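With my numbering applied, the sequence shown covers 11 to 144.
Don't be surprised by glycine CBs; every beta carbon is placed ideally from N, CA and C.
Note that the structure is a prediction, hence the values are computed from the model and not measured.
Take a look at the structure below.
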Amino acid sequence: MTPAQTQPRSTSATAVPMTVADAMDNAGPQVCDDMTVEVALSVMASARTGHLLVCDDSGLCTGLVTRAQLTAARDGSAYSDRAQLRDILGDRGPFTSPVTTMAEARHMMRYSHVEALPVVDEHGSALGLLVHAR
11 MTPAQTQPRS TSATAVPMTV ADAMDNAGPQ VCDDMTVEVA LSVMASARTG HLLVCDDSGL
71 CTGLVTRAQL TAARDGSAYS DRAQLRDILG DRGPFTSPVT TMAEARHMMR YSHVEALPVV
131 DEHGSALGLL VHAR
């Protein structure tokens, strides 16, 4: 048996806060906001995901839609087969930046009551997705 040499950890090293860029996932499927709810549900099923990033016609991320939101919209009394994603998204956001710290992102997710946040660049284009770890 060979003895292993170990190096003691420095207690004076300062920890660098982890940023959203370190923890974000691939953005996954991105769809245009003029897509109908039915088509979006089909895309979501095909991609085997619970969410879609929604972009406008100029490619800017306008929000995130979940299977639960789409199902609720489809099952609502005001539903029409012409309902588009832009009709159910509501307000733009919340979003986060890749340079946001994880502590700030966690706070934003808790405050906004969301399970995932789109990560966008300074121009509003989707870079990825930050998903709440369970």
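Original post:
Between Thr-12 and Leu-139, what straight-line distance do the alpha-carbon atoms span, to the nearest angstrom?
Top reply: Because Thr-12 sits at a pLDDT of 48, beneath the cut-off of 50, its placement in the model cannot be relied upon, and the following sentence gives the value as read from the coordinates. Each residue's Cα considered, the two are about 46 Å apart.
Original post:
What is the DSSP secondary structure of Val-75, counted as helix, strand or coil?
Top reply: Val-75 falls in the strand class under three-state DSSP.
Original post:
Fully enclosed by the stretch 76 to 143, which beta strand (DSSP E) runs are 3 residues long or longer?
Top reply: Taken in chain order, the unbroken stretches of beta strand (DSSP E) that lie wholly in the stretch 76 to 143 and span 3 residues or more are 126 to 130 and 136 to 141.
**OP:** Would you identify the three-state DSSP class for Leu-51, choosing helix, strand or coil?
**Re:** helix
Original post:
Considering only C-alpha positions, which residue in the set Ala-50, Ala-55, Thr-59 and Asp-66 is nearest to Asn-36?
Top reply: Thr-59
Original post:
Which residue or residues does DSSP assign as beta-bridge partners of Val-41?
Top reply: Val-64
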